[in-house]
Ligand SMILES: Cc1ncc(COP(=O)(O)O)c(C=O)c1O
Ligand SMILES: Cc1ncc(COP(=O)(O)O)c(C=O)c1O
């Protein structure tokens, strides 16, 4: 069957920014293993910018590729710019995703938003 | 599809005893053109024996082959022996006929019986 | 003995180019089109290309083409699948068709009548085999949901006025299905020009492989599957796709697009030579079907005083493959329902012979056939002479 | 990159001998098997020979074999055709099947429940995928007319106890259907020993062509057609027969009769080497299905912390064709209904990989696969590591 674009396959083959940021400023966790897709996004924030970002993903090819490209998209962006990254942005960047993957496996943007909110909550906690 | 035995095909290719006996002693006509099978059997009787026999047939391969082989079977037979020739005899002699042809196109024995009855009726008329 | 094959409406030889296109998909590119791995993707892509070439031949878009196991299945999917769809069932139970449809349409309609509570009107035809449009128009009722009329008849070759049917239906919510199995390759076909919502196609009548067909379904037309299983063919037709067959069908359509018009012209000329040759030399023959609005390859002739099967067996002995009526009714003894609907007297109808030419047919073959037929008719009429039929 | 094809349960390459057997029927012996002339008779005879070789492989007689367009169609014909037959409808509306059937059976049963008023019991299975015979026995009711249980499961390879089902049913008037698509060629099959009344077969799983299947129907079993048209296949399956495909299926069965046992033994040895190799080098792996009562070619493995699709995409990049679950569900995201029925926790079930070997599989391929799989699992677990699944 037709499934993934070359771009997607390329990210599955060599996912960018895999792993943990031990001193993360914010962490976002989305999905659950029962659905077969689970994702954790770690960000390091410097001023208003995302300085570093890492992900861990349990899931199908789409889940891995969306996580990977999201980290590329978000790196260096301001928090506002990062919040503006949506599932659609991610899918578009990858040259499209199969319909059935759009809603289930395309969680990375949600994970990033979670991580930013976590960062903001921690900061508020400090204030 | 599987249809006719070689014997049937041989009789279709070269039917025996085709035609009319102008001075027939008995004539039997069976079938009707609406059914697609129509047959006329002419016999010449000498004493108790069928001395000569001819047929005319409008119909499918089975109708032609059964007519043809019937004339072979009947020729030289006594009238009693000829009356004992049935549709089954004819079909068996041909090595079998397709099921759907057994009942519709296998009319030759009926035609012969008709011809014999015609002969007997004429004789009774003369007595 | 050399075979002279004049039974192209029954089936056609597969074009060598089609076989070449299919071959790699048996032993090298054998993936299951539903598999995610590269072998599966390769098969899926090849199927997509085939879908495009089928679609483009009839002016459809590729996502409106659903591959099936043949013309019969496509007819069943169209009629059972449309009439049986819950939404359509609620809208109505009346179907209109013609008396001269292929058994795949007729028997499916009869099944719906007998077992699913549908009402079916079987419209008559005139002496040329053209559907009675007045009767069709008059039979449209409030609960009519579907009209199924073939584009070209398989026995007598008459082309039916589908465009007029569309005009009559207008924008009423009635789907129009046409069985174009015999029309494909024999005329230009455009689903939009014809205004049909569903169209049945079969590969083996156009130099493609047996066991592959397609149903065109216009976007938005509600058709449910008649078989159940995997999600293949966008949930309308489950089962592992016959990739080599589908690729072959695609190639066959490509060849039709390339050569079809030229072949048609040649075949029509040879067909006319055949008909004129026979008419000139044999008495008491009639050509069945419309004199001009007919597919190029078809010559359907009735020989008074001959029975069709006897004719074709004798032709066969001379190497000539012909048919009396359609192949799939050759096991039955009923005379043709098509000729009956056209008003051909039954004793004449028994004498029908169908000769259908193809792209490999030659002038020599036609001349040999005319000669053979002339003597075969003589011989058979000799056997039946005095019966006066 | 060389392809290492380990997805034989999805489909198989067509054997070159099978292709050779099919080839003449495309371009030379292309007659329609329903035609009366010599080209038609030749096709009909070839089909008859194929019917014999399919029949003899499963201990049936040729007139009990009905050719179809594939396994899915055969399953539909068996279940819809039997349950929908007017006589059987009157006798009862209860059907028993298992939770682990192929979608062609499950979805057909669900269709009968939803739209035809039938009642269906879906029997559970144990942790090895073996049907619960007590549940099956207990679910037999007065109106039970049909039991459909597969002979071998397509995902986990478990062989089901059909003989015991026959024993339980005894001589009650309940037909037993078995989907033997994955069993054919993988074990000796005899319809009389198994005591089944209907059996589904598909050619493309046994080195035959796609788009051809058969349904064995024991003499006297009432099955109506699900499509309508010509009188082909003794009125049970209309449509011009796919003669080359059927001839290919016949040849494939002939090859199984000749080489099947030897191939099975070799494949089982390689499969064991694969499973043992993976088990020895990768942690947290389980073999799904019955440890011994399984078809030789199947290795179904769950890798904790990996998702099946990610696994198979990485294998694919290394040239290895595998599957996660069955090909026809690869478009769906639901985890396997088979593993769920076996009680495999859903987060484990997501990590399933199915490797199915074939007669062309070599030891080198297996060793390469073990190596590749070891590093791929490492890599994928690396991406998901801290998630603790
Ligand atoms: C008009 C028409 N419709 C349908 C069919 C059935 O097609 P298939 O043989 O592919 O099932 C045929 C030929 O057999 C036909 O001529
Ligand atoms: C167990 C089982 N039944 C039925 C089928 C369907 O067969 P086909 O693909 O020939 O329609 C398959 C394979 O797809 C199968 O594995």
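Residue numbers (my numbering), protein chains in the order written: chain A, 7 to 133; chain B, 7 to 133; chain C, 1197 to 1585; chain D, 1197 to 1585. Every residue gets a Cβ at the ideal spot worked out from N, C-alpha and C, and that includes glycine.
Do the CB positions of residue i and residue j come within less than 8 Å of each other?
{"i": "residue 14/B", "j": "residue 67/B", "result": "yes"}
{"i": "residue 1443/C", "j": "residue 1432/C", "result": "no"}
{"i": "residue 1448/D", "j": "residue 1403/D", "result": "yes"}
{"i": "residue 1233/C", "j": "residue 1466/D", "result": "no"}
{"i": "residue 1364/D", "j": "residue 1292/D", "result": "no"}
{"i": "residue 1566/D", "j": "residue 1485/D", "result": "no"}
{"i": "residue 1266/D", "j": "residue 1436/C", "result": "yes"}
{"i": "residue 8/B", "j": "residue 1513/C", "result": "no"}
{"i": "residue 1531/C", "j": "residue 53/B", "result": "no"}
{"i": "residue 1511/C", "j": "residue 1573/C", "result": "no"}
{"i": "residue 1295/C", "j": "residue 1318/C", "result": "yes"}
{"i": "residue 1460/D", "j": "residue 1389/D", "result": "no"}
{"i": "residue 56/A", "j": "residue 88/A", "result": "yes"}
{"i": "residue 1378/D", "j": "residue 1349/D", "result": "yes"}
{"i": "residue 1375/D", "j": "residue 1298/D", "result": "yes"}
Could you name the residues that DSSP lists as bridge partners for residue i?
{"i": "residue 1365/D", "result": "None, per the DSSP bridge assignment."}
{"i": "residue 1548/C", "result": "1498/C"}
{"i": "residue 1202/D", "result": "According to DSSP, which records beta bridges pairwise, residue 1202/D is partnered with nothing at all."}
{"i": "residue 1380/D", "result": "1383/D"}
{"i": "residue 1517/C", "result": "1201/C"}
{"i": "residue 1483/D", "result": "1497/D"}
{"i": "residue 1372/C", "result": "1343/C"}
{"i": "residue 64/A", "result": "44/A"}
{"i": "residue 1490/D", "result": "1354/D"}
{"i": "residue 1211/D", "result": "The partner list for residue 1211/D (beta bridge, DSSP) is empty, contrary to what the question assumes."}
Using the Cα positions of residue i and residue j, report the straight-line distance between them to the nearest angstrom.
{"i": "residue 1498/D", "j": "residue 1548/D", "result": "4 Å"}
{"i": "residue 2/B", "j": "residue 1473/C", "result": "Outside the modelled stretch of chain B, which goes from 7 to 133, sits residue 2/B, for which no answer is possible."}
{"i": "residue 1290/C", "j": "residue 1278/C", "result": "12 Å"}
{"i": "residue 1450/D", "j": "residue 1255/D", "result": "13 Å"}
{"i": "residue 1413/D", "j": "residue 1483/D", "result": "35 Å"}
{"i": "residue 1551/C", "j": "residue 1200/C", "result": "11 Å"}
{"i": "residue 1578/D", "j": "residue 28/A", "result": "16 Å"}
{"i": "residue 1264/D", "j": "residue 1544/C", "result": "37 Å"}
{"i": "residue 16/A", "j": "residue 10/A", "result": "10 Å"}
{"i": "residue 1304/C", "j": "residue 1275/C", "result": "7 Å"}
{"i": "residue 1506/C", "j": "residue 1576/C", "result": "8 Å"}
{"i": "residue 1524/C", "j": "residue 1354/D", "result": "Any reading at residue 1524/C needs caution, since the residue's pLDDT is 44, under 50, leaving its predicted position unreliable; the model's value is listed next. Looking at the two C-alpha atoms, the distance is approximately 42 Å."}
{"i": "residue 1242/D", "j": "residue 1446/D", "result": "9 Å"}
{"i": "residue 1526/D", "j": "residue 1520/D", "result": "Low local confidence applies: a pLDDT of 48 at residue 1526/D is under 50, so the model's placement there is unreliable, and no value is given."}
Does the distance between the C-beta of residue i and the nearest non-hydrogen atom of ligand 2 fall short of 7 Å?
{"i": "residue 1398/D", "result": "yes"}
{"i": "residue 1410/D", "result": "no"}
{"i": "residue 1268/D", "result": "yes"}
{"i": "residue 1378/D", "result": "yes"}
{"i": "residue 1271/D", "result": "yes"}
{"i": "residue 44/A", "result": "no"}
{"i": "residue 1350/D", "result": "yes"}
Return yes when at least one heavy atom of ligand 1 lies under 7 Å from the C-beta of residue i, else no.
{"i": "residue 1494/C", "result": "no"}
{"i": "residue 1274/C", "result": "no"}
{"i": "residue 1216/C", "result": "no"}
{"i": "residue 1435/D", "result": "yes"}
{"i": "residue 89/A", "result": "no"}
{"i": "residue 1512/D", "result": "no"}
{"i": "residue 1375/C", "result": "yes"}
Does chain E have any CB closer than 8 Å to the CB of residue i?
{"i": "residue 70/A", "result": "In summary, chain E is missing from the structure at hand, where the protein chains are A, B, C and D."}
inquiry  = Which complete beta strand (DSSP E) runs does the region 1403-1446 of chain D hold, if anything under 3 residues is left out?
reply    = 1409-1413, all fully within the region 1403-1446 of chain D.
Inside the region 1240-1268 of chain C only - beta strand (DSSP E) runs reaching at least 3 residues = Entirely contained in the region 1240-1268 of chain C, the beta strand (DSSP E) runs reaching 3 residues are, in chain order, 1261-1264.
message = List, from N- to C-terminal side, the beta strand (DSSP E) runs of 3 residues or more that fit wholly inside the region 1304-1356 of chain D.
response = Fully enclosed beta strand (DSSP E) runs of 3 or longer: 1315-1319, 1340-1344.
inquiry  = Just to confirm the assignment: which complete beta strand (DSSP E) runs, minimum length 3, are found wholly within the region 9-56 of chain A?
reply    = With a minimum length of 3 residues, the continuous beta strand (DSSP E) runs that stay inside the region 9-56 of chain A are 32-38, 43-52.
key: In chain order, each beta strand (DSSP E) run of at least 3 residues that lies wholly inside the region 84-132 of chain B   = No beta strand (DSSP E) of 3 residues or more sits fully in the region 84-132 of chain B.
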